[in-house]
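Numbering (our numbering), first residue to last: 119 to 394. Glycine included, each C-beta is placed from N, C-alpha and C at the ideal position. Report on one structure; see the data block that follows.
As structure tokens, this is what we get:
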């Protein structure tokens, strides 16, 4: 049986790299990149900018992917047009599109964590763009568009993790919110969860992230103390200048993700610190 062809848009980023590592056994993987090459064979990777619609269509038509995963970054207007053209192209095929979205689709309401059944409400341009993109993809592709909302992503090579280590080394302050409760996710965990979603043909919208929440200050404190540094490099701020607890977190009401693929904030911190 032929392996499913997977096209990863944005394959050289943090999430893209983790997806290549996870899916390389069992899938025939192709990827696009903007500036830095991916770990894929030369003939399976394509340089692509978000405004290059014709090139996107050429790539898609030459590969005819069964699965397209979008973890692109770039100008919001260009991205919107890009995803619309992509969806129109995929509409007449059997391809499934997995679109990475964000906690920011709920940044118009910080009073509680949000589940898949909550209606998105955003104040930021980023959140509004993601909502518009989600809706447009579902409208064109119906249930063949699968929405994957994710929180802050961490990994052993992630910008967030590198920033902490650099800040400790250079004694630079890190601003954290003491009243903002969040959840987090590892790049490797996300890749495993997406593989499960793909292989089991799960549909709809997913909120991925650690099963528990922690305020940002505590999360950073734990990491920094375990890295053997003083807590003095953290500068505490109040989010929205209030003492009230604010939430920037995704919770899931779905029951189709097995416990073995779930993680806690402690799991994430332990993994980041392992092998140091």
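(request) Find out if the Cβ-Cβ distance for the pair residue 404, residue 326 is shorter than 7 Å. (result) This structure cannot settle anything about residue 404, because the visible part of the chain is limited to 119 through 394.
(message) Could you tell me the alpha carbon to alpha carbon distance between residue 287 and residue 394, rounded to whole angstroms?
(response) 14 Å
(request) Tell me whether the beta-carbon of residue 255 lies closer than 7 Å to the beta-carbon of residue 217. (result) yes
(request) Mind the definition here: the stretch 130-143 touches the stretch 199-209 only if three or more C-beta pairs lie below 8 Å; say whether that holds. (result) no
(message) So the candidates are 157, 383, 195; which of them puts its Cα closest to the Cα of residue 330?
(response) 383
(message) Comparing C-alpha positions only, which one of 386, 228, 164 sits nearest to residue 305?
(response) 386
(message) The alpha helix (DSSP H) that contains residue 199, what's its start and end?
(response) 194-209
(request) Please name the residue, chosen from 343, 364, 194, 281, that lies closest to residue 244 on a Cα-to-Cα basis. (result) 194
(request) Report all residues from its chain with a CB closer than 8 Å to the CB of residue 188; omit the five preceding and five following residues, and keep chain order. (result) 127, 128, 201, 204, 215, 216, 217, 218
(request) Thinking residue 308 and residue 271 are a contact (beta carbons under 8 Å), I'd like their distance in whole angstroms, please. (result) 6 Å
(message) Measuring only the C-alpha atoms, how far is residue 177 from residue 389?
(response) 37 Å
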